[in-house]
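Below: the structure, in structure tokens.
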Amino acid sequence: MQTFINQNYMEFIGLIAVVILIVVFIFIKISQNKKSLSTQKKEAKSVREVEQKEERAKPKEEPKEEPQKPAALESINRKKRELLPHDKITKDDFAIFKGTRVLIAEDNIINQKVISGLLSTSGIDITIANDGQEALDILQNDTDFSVIFMDAHMPIVDGFEATRVIRKNPKYDHIPIVALSGDTAVDDIQKMLRAGMEAHLEKPLKMDALYNILYIYTTGHEFKKMHKTNENGSAVLELKSDKGLEICAGDKEFYLEILNDFISKYADSAETLQEHINGTNSIDADKMLLDISGIAANIGADALHNAALDLKNSIANPSDMTYINNLKKYKRSLEKVCEEIKKYKSAP
523 MQTFINQNYM
533 EFIGLIAVVI
543 LIVVFIFIKI
553 SQNKKSLSTQ
563 KKEAKSVREV
573 EQKEERAKPK
583 EEPKEEPQKP
593 AALESINRKK
603 RELLPHDKIT
613 KDDFAIFKGT
623 RVLIAEDNII
633 NQKVISGLLS
643 TSGIDITIAN
653 DGQEALDILQ
663 NDTDFSVIFM
673 DAHMPIVDGF
683 EATRVIRKNP
693 KYDHIPIVAL
703 SGDTAVDDIQ
713 KMLRAGMEAH
723 LEKPLKMDAL
733 YNILYIYTTG
743 HEFKKMHKTN
753 ENGSAVLELK
763 SDKGLEICAG
773 DKEFYLEILN
783 DFISKYADSA
793 ETLQEHINGT
803 NSIDADKMLL
813 DISGIAANIG
823 ADALHNAALD
833 LKNSIANPSD
843 MTYINNLKKY
853 KRSLEKVCEE
863 IKKYKSAP
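According to the numbering used here, the stretch in the sequence shown is residues 523 to 870, in order.
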């Protein structure tokens, strides 16, 4: 019996020892895990501190600035003057712009006629382009324009693209471009300005608005350009009387007789030609221009001779509207020749 009790006692002691060992083992493991986790945190903190120090040590990069785009509205040597208050504008008021040369890029024939008719008695020299590409072609050979009126929406090359091309070429820096468009929304107008157009002129045209644009973007001295001078500063004559006299074998009385006949018969020829063209009477217009070109050459009016031939050639195909510009050039040259004939006749 005593032996049995001793045996159970020893088993109990052994069990307690095992439990104690297990507890100690678990305690050691927990302690090791805590130490490992603490070490990992310290290491992680240390790594972050090192990274932060390295980050602070790096030179700060300046924020990159976006390249500045050239302002579309920047006027480079382009004329502009302050608009003065005025009363209601009439057609006659446009006469102050006499001598101003404008290029109108507009594909609508009716709009072309409206603008041409509105300015027909002003003395403004109008050149019409039927699309953006035609406007660019005209500018390649002639840059002497005070203003370009650019329709935004045209075939072949539209007004936006034509404007961008023009603004890229410093040869045209002196010419302001004014948008012609029925688009009046703010976004649409901003798009025109970003393309390089200076201002917006709403269609259908209003007389006051057109007058204001012409006033702002011209100087008032354009009329002086009409009176060209040669290298010596003297006026370039439309009528070379010495050449006319030579053709008349030096007979001044005979030359004067031809000049009188020219004035009496052809001084109003521009209006007569306009009537023939409007009435689709191209045969009579062609015959008149053939006669005038020959007579102009005989009296020494070479510029009028060339203008008559250009008009004669263009009325053969009136649908392309080139004749409108040529008729204006003819009328301007005719007026100058008639003025110089009168001066020649009154000279001693």
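All C-beta atoms in this analysis are idealised placements derived from N, C-alpha and C, irrespective of residue type, glycine included.
Computed from a predicted model, the values in this text were never measured in an experiment.
| Check | Outcome |
| --- | --- |
| DSSP three-state assignment for histidine 798, whether helix, strand or coil | helix |
| Proximity of isoleucine 678 and glycine 654 at Cβ, strictly below 8 Å | yes |
| Between the CA atoms of glutamate 775 and leucine 625 - distance to the nearest angstrom | 43 Å |
| Coarse secondary structure for asparagine 760, derived from DSSP in three states | Residue 760 is actually glutamate in this sequence, not asparagine. The answer is coil: DSSP assigns glutamate 760 none of H, G, I, E or B. |
| Cα-Cα separation, isoleucine 837 to lysine 858 | 23 Å |
| Backbone secondary structure at aspartate 647 - three-state DSSP | strand |
| Pick from Asn633, Gln634, Asn652, Phe616 that is closest to glycine 645, judged by C-alpha positions | Phe616 |
| Isoleucine 846 and isoleucine 650 closer than 8 Å at C-beta | yes |
| Close-in-space but distant-in-sequence residues of the same chain around lysine 762 (CB under 6 Å, 5 per side omitted) | Gly822 |
| Burial state of alanine 707 (16 or more Cβ within 10 Å) | exposed |
| DSSP state of isoleucine 846 mapped onto helix, strand, coil | helix |
| Inter-residue spacing [alpha-carbon to alpha-carbon] between valine 636 and aspartate 773 | 48 Å |
| Simplified DSSP state of methionine 810, which is helix, strand or coil | helix |
| Contact under 8 Å by Cβ, serine 815 with alanine 792 | no |
| Per DSSP, the bridge partner or partners of histidine 722 | Ala701 |
| Own chain partners of threonine 685 with C-beta closer than 7 Å, once the 5 adjacent residues on each side are dropped | Met672, Ile699, Ala717, Gly718, Met719 |
| Contact check, lysine 834 vs leucine 856, beta carbons under 8 Å | no |
| Cβ pair alanine 674, methionine 729 closer than 8 Å | no |
| For alanine 627: DSSP bridge partner residues | Ala651, Met672 |
| Pairwise C-alpha distance: arginine 854 and glycine 801 | 22 Å |
| C-beta atoms of cysteine 860 and alanine 807 nearer than 8 Å | no |
| Nearest-angstrom beta carbon gap, isoleucine 863 and isoleucine 781 [assumed within contact, 8 Å] | Just to set this straight, residue 781 is leucine in the shown sequence, not isoleucine. Leucine 781 to isoleucine 863, Cβ: 5 Å. Contact. |
| Option in Lys851, His827, Leu732 with minimal Cα separation from lysine 910 | Any property of residue 910 remains undetermined from this structure, which presents the chain solely from 523 to 870. |
| Environment of histidine 798 [buried if 16+ CB atoms lie within 10 Å] | buried |
| Contacts around proline 592, its chain only, beta-carbon distance under 6 Å, and the 5 residues preceding and following it disregarded | Its pLDDT being 39, under 50, proline 592 is placed unreliably by the model, and the measurement read from it follows with that caveat. No residues qualify anywhere along the chain. |
| Lysine 725 versus Asp680, Leu702, Phe682, residue with shortest Cα-Cα distance | Leu702 |
| Contact belief for isoleucine 648 with lysine 851 at Cβ below 8 Å, rounded distance in angstroms | About 10 Å separates the two Cβ atoms, so there is no contact after all. |
| Residues near glutamine 796 in its chain [Cβ-Cβ closer than 7 Å; skip 5 each side] | Leu849 |
| Residues near leucine 736 by beta carbon distance below 6 Å, same chain, minus five either side | Phe619 |
| Proximity below 8 Å, CB of alanine 819 to CB of glutamate 760 | no |
| Coarse secondary structure for histidine 827, derived from DSSP in three states | helix |
| Cβ-based burial, histidine 608 [other Cβ within 10 Å; buried from 16] | exposed |
| Contacts around phenylalanine 682, its chain only, beta-carbon distance under 7 Å, and the 5 residues preceding and following it disregarded | Ala674, Ala717 |
| Inter-residue Cα distance where the pair is isoleucine 660 and histidine 827 | 22 Å |
| Burial state of glutamate 628 (16 or more Cβ within 10 Å) | buried |
| Between the CA atoms of asparagine 839 and histidine 722 - distance to the nearest angstrom | 33 Å |
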